[in-house]
Each structure stands twice: as C-alpha cells, then as structure tokens.
Ligand SMILES: *[C@@H]1O[C@H](CO)[C@@H](O)[C@H](O)[C@H]1NC(C)=O
Ligand SMILES: *[C@@H]1O[C@H](CO)[C@@H](O)[C@H](O)[C@H]1NC(C)=O
Ligand SMILES: *[C@@H]1O[C@H](CO)[C@@H](O)[C@H](O)[C@H]1NC(C)=O
Ligand SMILES: *[C@@H]1O[C@H](CO)[C@@H](O)[C@H](O)[C@H]1NC(C)=O
Ligand SMILES: CC(=O)N[C@H]1CO[C@H](CO)[C@@H](O)[C@@H]1O
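In UniProt numbering, the protein residues as written are 1 to 952.
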C-alpha cells in the first residue's frame with residue numbers, strides 16, 4: 001500500500017531527527033564555540049586561549065586538541081581535571097601565569113605531550129609526582145620560576161626528556177640539579193641567570209655520567225666554572241653568559257681532556273682575566289664555532305689567540321663595539337664564516353680579512369660602513385655577503401669583480417643612489433639581490449649584465465618614480481620581483497619585457513595605470529598596491545585587457561592605500577576573465593560597491609575570497625554561483641547588514657567565514673544550514689541586538705557542534721540601550737516564548753512516538769484495535785439499551801451493498817416483509833438522516849434481533865458493509881447470541897474469499913444460505929430464512945462461538 005510506504009519513510013526520517021536532537025541535547029560539550037578560546041583546525045587542533053585573563057583552565061577545551069596555548073593569563077594552579085583525557089596533546093604552553101601549585105597527577109593523561117612550557121610562573125618546589133605520565137616529553141621549560149627544590153624522583157617520570165630549561169630560578173648549587181642530570185637522554189640543559197656562585201662538577205658524585213651535549217649557564221654570582229670530572233663526555237657546546245650585568249669569571253681547567261669534544265663556545269656579556277681566556281681557548285682542541293657577543297674580551301690579544309685555533313671555522317663577533325678591526329684578524333685564514341654585525345665599524349681596514357681565502361659567508365650588517373670593504377674583492381670564495389643597514393652610498397664596478405661565486409648579496413637599507421651598468425657584471429651565480437630601501441631613482445642597465453641566474457630581486461622602497469620599457473631585460477631567471485614602494489608613480493608599457501619566468505610580482509602604482517602584464521606569462525602571484533593621490537588617473541581602455549594574459553595567476557591581491565574607499569574607479573569584471581587558475585583573490589579598500597554578479601564567472605577554482613574595507617551592502621548572491629569551491633570568505637569591514645545573501649549563495653565547501661566589523665545586528669541562524677562545511681565563523685565587532693530576534697542564533701552558537709563561532713562569548717550587545725555592553729550570549733532567551741530548540745525537540749519526539757505507535761499498531765494490532773473500538777461501542781450501546789430495557793425494534797437488519805439493492809427490493813422485501821411479516825431495517829429507508837453513519841449502523845444492529853448479510857463480491861469489497869459484518873460478529877461475541885445470518889447472492893469460490901478471511905471463517909463455521917444454490921426453488925430458500933430468523937437467541941449447538949475476528 002503506498003500510504004504505508006510513505007509512513008515508513010517518514011518514520012525513518014523522524015527517528016534520525018530525534019537521534020540528532022538527542023545527540024545535541026546530551027552532549028553539549030561537543031559544541032565548537034569555546035567560551036574563552038579559539039580553535040584552529042589544520043593538521044593540528046590548535047586551541048588558543050592566550051591572554052584572556054583566565055584564572056582557571058577552561059573546561060571546554062576539546063579533548064582532541066593537539067596544541068593548547070594558555071600563556072599570559074592569571075592561572076594560579078593546575079588541577080587533575082584540567083587536562084584530563086587529552087591524550088592527543090603534543091604541545092602545552094602555560095608560560096606567563098601565576099601557577100604556584102600543580103596537583104600530583106595533573107599531567108597523567110598527557111602521554112603524547114612532547115613540549116611543556118611552564119616558564120614565568122611561581123613554582124617553588126618540583127614535587128615527586130609532578131610530571132607523572134609525561135613519558136614522551138622532549139622539552140620542559142621551567143625557566144623564570146622560583147624553584148628551590150627538586151625532588152630526587154621528579155625526573156624519573158620523564159624518560160624521553162631531551163631539553164630542560166631551568167634558568168632564572170632559586171637553585172643555589174650544582175647538587176640541586178642532580179635529579180635532572182640522571183635523565184638518560186638529556187642533551188640540553190639551560191641554567192641561565194641562576195644563583196650558583198660556583199659550578200664545579202667535582203661537587204657531583206664521581207660515578208655519575210650524563211649524555212649532555214649543550215650546557216647553558218649564566219648568573220650574576222657565578223665566579224667559578226670548572227669541568228673537572230669526566231661527567232659530561234659528550235658535551236659539545238658551552239654557553240656562558242652574564243645575566244644582566246657582565247660576568248667576571250674564573251674558568252678552571254684542571255684537565256683539558258674533559259673538554260676535548262667541545263666544538264662550540266658562546267661567551268656573552270662576560271669578562272675573564274686574559275690569561276684565563278687564553279688558557280680556555282687553547283684547551284679547546286676541537287673548537288669550530290666561537291661566539292663572542294657583547295663581550296669585553298674582544299681585543300687585540302684575544303683575537304690573536306682565537307686565530308691560532310686551527311679547528312675554528314665560524315667566528316661570531318657581534319655587538320662588540322669594534323670600531324676598527326685593523327689587522328687583528330689577519331691570521332684567521334682558516335675561517336669560513338665571519339659575523340661582524342652591530343659593531344659601529346666605519347670601515348674594515350684594508351688587508352684585515354683579505355687572507356680569509358676560504359671565507360664563504362661574511363656578515364657586516366648594521367655597521368657604519370660607507371663603502372664595500374676593499375678586502376671583499378679578494379674573497380673569491382665568498383658566497384653570501386650581507387652589507388645591509390650600513391651607510392654605503394656608492395657601488396663601484398670593482399666591488400664585486402672577484403666575488404664571482406656570490407649567490408646572495410644583501411645591500412638593503414643603505415644610501416645607494418645609483419647603480420652603474422657594470423656593478424653586477426661578474427655575478428653570474430647570484431640568486432638573491434636585495435637593494436631595497438636605498439636612494440635609487442633609476443637603475444639604468446645595471447641588471448642587464450651578469451645576473452643571468454638571479455631568481456629574486458628586492459627593489460622596493462627606493463625613489464624610482466617610473467619603470468621604463470625594458471628595464472628588467474636580462475633577468476631571464478628571475479622568479480620573484482618586489483617593487484613595492486610608496487614612491488612609484490607609473491610603470492610604463494613593456495616595462496616587464498624579458499621577465500618571462502617571474503612567478504611572484506609586487507608593484508605599487510601612484511598615478512598611472514599605463515602598463516600591461518602581457519609579458520608575464522608565468523605569473524602566479526601578483527600584488528598591486530595603489531597609492532592613491534590627487535593626480536591618480538583612470539586607467540586607459542587597454543588596462544583591463546592586459547590582465548587577460550595572466551593565465552596562470554593563482555594569487556591576486558589589490559590593495560588601495562590612502563583613505564578608505566578612495567579607489568577612484570570600479571574594478572571591471574573583465575580583469576578576471578583570463579584568470580582561469582585563480583585560487584585566491586584579496587581586495588582591500590577597492591570596492592566602493594559590491595562586485596558585479598558576473599565578476600567571477602570564469603574563476604571556478606577560486607578558493608579564497610577576501611574583500612576588506614569595502615561597501616558590500618548591496619551584495620548579490622549570484623556573485624557566488626560560479627565559484628562553488630570557495631572555502632574561505634573574508635569580508636572584514638564591508639558594511640554588511642544581513643547574512644541573507646548566504647542562503648542563496650550555495651557555497652557547499654565554505655569552511656572559513658570572516659564577517660567581523662560589519663553592521664550585522666540580527667542573524668537568522670537558518671542561513672548556516674546552507675553552509676554544510678562551515679567550521680569557523682568570525683562575527684566579532686558587529687552591533688548585535690540583544691532581544692528575541694537573536695534567540696535562535698544564540699541557541700545555535702551554544703549548541704551546534706559543527707561551526708565554531710570565534711570568540712562568541714565575548715560578543716557584546718549594541719542594542720537595546722538597556723543591554724548595551726552586555727554579552728550577547730548572556731541574553732536570557734528563556735524569556736522568548738519558549739526555548740525554540742527544546743520545542744523542536746519535544747514536538748519531534750512526540751511526533752515520532754506517535755508515528756512509531758501508530759505504525760506498530762497498524763501493522764500488528766489493527767484488528768485488536770478495531771475490536772476494542774467496537775466492543776466499546778457495543779458496551780456503551782448495551783448499557784444504554786439495558787437501562788431503557790427497550791425491546792428490539794426490528795426483527796432483522798439487512799446489510800447489503802447498494803448494487804444489490806434491486807434484488808433486495810424485488811425478491812427479499814416481498815418475501816420477508818410481505819409474506820412472512822418480519823420487520824426489517826434497511827439503511828436507505830430506516831437510517832435516521834443527520835446521525836453519524838457508524839451510530840446508525842450500531843443502532844440498526846443492536847435494534848434488530850438478527851443481522852442478515854446479503855453477500856456478493858461487491859459487498860465484500862465495500863468498506864461499510866464489512867464494518868457491519870464486523871459489528872454484528874462483535875455482537876455475536878459480546879452477547880453470546882447467534883445474530884448473524886449469511887445469505888450468499890452469488891457463488892464465491894473459497895480462493896476469492898481469502899482476502900476476507902474473517903468472512904471465510906464465518907462461512908466455515910456457520911451454516912449459510914445460498915441464493916444460486918436454491919435455483920428456482922425460492923420458496924424453500926425463503927422458508928430457510930424464516931427458520932433462521934425464528935431461532936431463539938441461544939447459540940447453535942454444533943457451532944462454536946466465533947472467537948472474534950482478531951485471530952489471524
Ligand atoms: C631520594 O631522597 C631520599 C631522601 O630524601 C632518599 O632516601 C632516597 O634514597 C633518594 N633516592 C634516590 C634515587 O636518590
Ligand atoms: C667526541 O667527538 C668525536 C668527533 O666528533 C666523536 O667521534 C666522539 O664519539 C665524541 N665523543 C663522545 C664521547 O661523544
Ligand atoms: C681579483 O683576483 C685576482 C686573482 O685572485 C687578483 O689578481 C686581482 O687583483 C683581484 N682584483 C682586485 C680588484 O682585487
Ligand atoms: C604572494 O606574494 C606576496 C608578496 O610577496 C606574499 O606575501 C605571499 O605570501 C605570496 N603568496 C603565496 C601563496 O606565495
Ligand atoms: C575559566 C573560564 O571559563 N573563564 C571565563 C570564560 O568566559 C566566560 C564568559 O566570557 C567567563 O564567565 C569565565 O569566567
């Protein structure tokens with residue numbers, strides 16, 4: 001039956017709906033909008049709760065978080081519940097709080113944790129079971145606490161520990177750190193700014209041995225440092241620093257074999273007696289990398305000693321106020337890297353570094369050099385030269401004449417005003433050239449010679465006003481070109497000729513748009529800054545056409561600097577026509593009205609669309625029809641008032657939606673049904689109305705488990721006046737008629753239960769139900785009649801189908817009423833008009849002694865007749881009286897009776913009268929009927945009572 005089928009379907013739907021509702025109502029903790037944190041889903045589930053004035057760890061951090069950041073809050077303690085079951089957490093950052101106490105076992109569930117940062121807190125004692133459970137921890141940062149005591153078992157729970165930072169605590173002596181040194185795989189130990197006055201390994205048990213590779217130690221009280229026992233056979237790096245005042249240290253070296261594997265030494269803000277330094281340096285037989293940072297050690301004699309270390313390769317002399325190196329480094333010919341940055345050097349005097357024939361990298365940035373040091377010319381093995389942030393004003397053609405292996409040259413932040421054509425001519429291997437932030441107003445043909453291998457050119461923020469035709473010719477390998485500047489006013493036609501391989505281009509334009517991108521076939525990433533001034537001219541007609549050639553562009557950004565909405569013309573949709581590969585479009589301050597609906601009709605690959613600082617109040621949803629792959633939409637500050645456009649936009653892939661700083665006051669949460677993939681929604685800084693018009697939205701924010709509404713708990717009300725400044729989610733939606741979700745829940749539950757019961761009853765119990773119904777009717781009727789004690793009004797009620805009416809009139813009535821004188825009840829004749837039909841039938845059956853059923857095929861098919869027969873058989877059962885006379889008008893074979901199984905049962909069990917079998921002997925037939933009508937009310941002896949129609 002079709003009805004039954006659709007009932008079934010409906011039933012299934014409802015069950016699903018109810019399960020969904022149950023899920024929502026039973027697991028509110030699944031809601032994605034956290035009270036005080038933001039989640040970013042990428043490969044990691046990154047929960048950011050930094051800087052929120054929290055005093056306890058929020059209880060709604062998702063259990064599947066992999067990174068949790070809680071820094072810069074006011075946490076005072078960590079309890080066992082805080083990180084319960086967070087078995088996927090790998091990084092936990094708790095620094096900069098006020099944590100003074102951690103319950104034992106607080107980290108017991110964090111078996112996957114690799115990185116724990118508890119620096120800048122108020123821990124004083126590391127108890128035995130503090131870190132229980134952290135079996136995979138690699139790095140533990142406890143610096144800047146008040147740790148005075150470490151229990152000797154604390155670190156037994158940390159077998160995977162690799163790095164411990166314990167600087168700036170209250171530990172007094174080397175024996176305090178003994179429990180740490182027992183960690184089997186410890187490699188890095190940092191004890192900066194500690195209170196040790198002496199660090200001597202002879203204070204530790206002699207039989208100890210540690211795998212430590214890097215030891216950092218500093219402290220204002222440190223006077224004595226000595227590695228006098230073989231406790232650190234693997235030690236490679238020692239970093240000794242003053243804390244906030246220079247360290248004056250005595251370094252005792254009783255046996256230099258204990259230092260034989262030291263390759264790196266860092267001395268920062270420290271001072272040793274010279275003889276001591278000399279002894280230290282001469283005892284480090286493997287030293288490769290020496291850093292003397294902000295150190296008073298850098299003087300003639302020390303440097304002379306340094307240059308005698310045959311193994312030394314890297315020398316960092318930064319921050320040392322070396323004003324003139326003169327000849328001190330002449331002997332350092334073994335170096336491959338030299339760092340001289342931040343030293344106030346006005347020059348590197350001739351021949352001071354000339355001898356460094358193996359030098360590969362020279363960093364002389366942030367000094368006062370006025371020209372490229374002459375010695376550079378002889379450093380023919382140099383590959384990386386950093387002279388940025390100096391006072392160099394001229395480059396000569398000899399400066400780089402011999403540095404033919406240079407691959408990276410940094411000249412940014414100088415005073416270079418022009419580039420001769422010959423300057424770079426020998427730099428055939430150069431890959432990166434940085435001349436940004438100089439005083440260049442032209443570069444002539446400087447890029448035409450050499451530079452065939454150049455891949456990256458930074459020319460931004462110079463004084464070049466106009467890029468002329470062909471200026472970049474010769475840069476055939478260039479992939480990255482940055483021309484961003486506040487000054488550029490125009491880029492001439494064919495300016496980019498020859499840049500066949502550029503993939504990333506950033507340009508600025510201030511007055512004219514007279515250029516085209518025809519040449520940039522391979523461009524993938526284009527950023528255009530419009531620096532709008534009064535002289536800005538509208539683009540010529542070919543401006544839009546030139547974009548047509550950017551066939552491979554994937555990332556396109558246009559930014560208008562200057563006043564908001566100052567961009568003086570509309571960005572025509574033709575711009576996008578050729579960009580069939582466009583994935584990411586960003587426009588800032590460009591659109592003074594919404595883009596035309598056909599703007600993106602050829603950009604179906606668009607995945608990210610950001611339009612900021614614009615007027616999109618008239619946004620047409622059709623804009624989105626051609627871009628169904630959109631995943632990120634950022635309409636920050638766009639005067640949007642309503643989210644209705646989303647409902648029609650059809651964006652099945654949209655994941656990120658940023659609508660902060662708009663003019664949205666009411667949100668109809670049903671729009672989010674049209675965004676099935678939405679996981680991140682930012683509606684910060686909108687003027688929300690806190691009344692019942694937002695009740696549905698508030699409910700949705702709190703309960704939906706798909707979309708995180710970023711910082712939702714911090715959204716404030718703008719209206720009505722009385723609620724101004726209150727939190728949106730604090731608004732009591734209970735006062736709004738009824739809780740909408742709950743109403744839904746209740747009504748669908750009721751509906752489902754009803755459907756369920758109905759289907760069940762319909763399927764299994766319909767006969768019992770009908771039976772009960774009729775029994776009830778019969779009972780009511782009976783009790784009514786019995787009260788009245790009324791005798792039967794008729795001898796027989798005739799139940800027949802309307803098609804058999806002629807026979808009833810022609811044959812039956814004359815015989816039974818006329819000849820035999822029975823009072824018969826016929827529905828067309830005796831039913832009271834206006835009375836419900838079922839009542840009429842009940843009256844008729846109970847008002848008659850007997851019921852005669854005139855059975856034909858049509859009778860069996862007729863619904864009311866079958867009810868009559870039911871009723872009569874109920875009466876039979878109910879009154880234990882034989883009231884039913886079956887009179888067959890036609891021969892109906894048993895197989896045709898089978899659908900009417902109750903009838904078949906009656907026929908099987910009862911005698912019945914057959915009109916066709918009577919043939920012509922109608923007299924005998926009517927005589928039989930008379931006998932049947934005459935029989936008393938007692939059941940016939942040899943027939944069982946019908947046990948009721950319920951039996952199948
Ligand atoms: C830890 O210290 C206790 C006393 O505080 C001592 O009894 C115990 O032997 C020590 N355990 C280890 C492994 O050093
Ligand atoms: C010391 O360094 C050498 C050379 O780098 C290395 O082969 C040796 O294993 C190191 N010794 C230790 C104890 O780490
Ligand atoms: C360049 O190097 C060659 C050989 O190494 C040397 O003869 C020449 O003087 C150098 N040029 C300059 C300008 O120093
Ligand atoms: C495109 O270029 C800009 C400017 O250089 C850069 O900031 C941005 O990261 C680049 N985008 C991609 C996807 O490479
Ligand atoms: C720990 C915690 O949940 N702190 C705050 C989170 O945000 C809500 C609402 O903004 C505050 O009421 C909680 O105190």
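Ideal Cβ placement from N, Cα and C applies to all residues, glycine included.
Would you call residue i buried or exposed, if buried means 16 or more other Cβ atoms sit within 10 Å of its Cβ?
| i | result |
| --- | --- |
| residue 934 | exposed |
| residue 142 | buried |
| residue 22 | Confidence in residue 22 is poor, its pLDDT being 40 and thus under 50, which makes the residue's placement too unreliable to answer from. |
| residue 25 | Because residue 25 sits at a pLDDT of 37, beneath the cut-off of 50, its placement in the model cannot be relied upon, and the following sentence gives the value as read from the coordinates. Exposed, by the Cβ-count rule. |
| residue 221 | exposed |
| residue 859 | buried |
| residue 97 | buried |
| residue 28 | Interpretation of residue 28 is limited by its pLDDT of 35, a score under 50 that renders its predicted location unreliable; no figure is taken from the coordinates. |
| residue 753 | exposed |
| residue 396 | exposed |
| residue 439 | exposed |
| residue 578 | buried |
| residue 274 | exposed |
| residue 441 | exposed |
| residue 932 | buried |
| residue 55 | exposed |
| residue 414 | buried |
| residue 924 | exposed |
| residue 263 | buried |
| residue 726 | exposed |
| residue 635 | buried |
Below 8 Å on the Cβ atoms is my contact criterion, and I expect residue i with residue j to pass it. Report the Cβ-Cβ distance as a whole number of Å.
| i | j | result |
| --- | --- | --- |
| residue 407 | residue 380 | Contact doesn't hold; Cβ gap of about 14 Å is too wide. |
| residue 485 | residue 501 | That pair is no contact at about 23 Å. |
| residue 432 | residue 411 | With 8 Å as the limit, residue 432 and residue 411 do not qualify as a contact, their Cβ atoms being about 11 Å apart. |
| residue 885 | residue 850 | 6 Å |
| residue 351 | residue 375 | 7 Å |
| residue 305 | residue 278 | 5 Å |
| residue 955 | residue 667 | Not covered by the structure: residue 955. The range shown for the chain is 1 to 952. |
Name the DSSP beta bridge partners of residue i, please?
| i | result |
| --- | --- |
| residue 855 | 888 |
| residue 238 | 215, 265 |
| residue 271 | 248 |
| residue 339 | 316, 363 |
| residue 609 | 585, 633 |
| residue 117 | 93, 141 |
| residue 146 | Note: residue 146 sits in no beta bridge, so no partner. |
Residue i: which of the options sits nearest, CA to CA?
| i | options | result |
| --- | --- | --- |
| residue 916 | 890, 932, 313 | 890 |
| residue 345 | 317, 333, 284 | 317 |
| residue 596 | 670, 304, 618, 677 | 618 |
| residue 230 | 204, 219, 914 | 204 |
| residue 704 | 684, 656, 678, 454 | 678 |
| residue 640 | 648, 94, 545, 660 | 660 |
| residue 385 | 363, 367, 397 | 363 |
| residue 604 | 856, 588, 582, 620 | 582 |
| residue 195 | 170, 643, 550, 79 | 170 |
| residue 552 | 572, 519, 559 | 519 |
| residue 94 | 144, 371, 800 | 144 |
| residue 366 | 210, 349, 382, 319 | 319 |
| residue 66 | 42, 52, 53 | 42 |
| residue 267 | 197, 256, 68, 237 | 237 |
| residue 446 | 470, 421, 429, 456 | 421 |
- Determine, using beta-carbon pairs with one atom in the segment 576 to 593 and one in the segment 612 to 620, whether at least three such pairs fall under 8 Å. yes
- Item | Any 3 or more C-beta pairs closer than 8 Å across the segment 357 to 370 and the segment 333 to 344 | yes
- Query: Are the segment 101 to 108 and the segment 46 to 64 touching by the rule of at least three beta carbon pairs closer than 8 Å?
  - Reply: no
- Does the count of Cβ pairs from the segment 472 to 485 and the segment 451 to 461 closer than 8 Å reach three? yes
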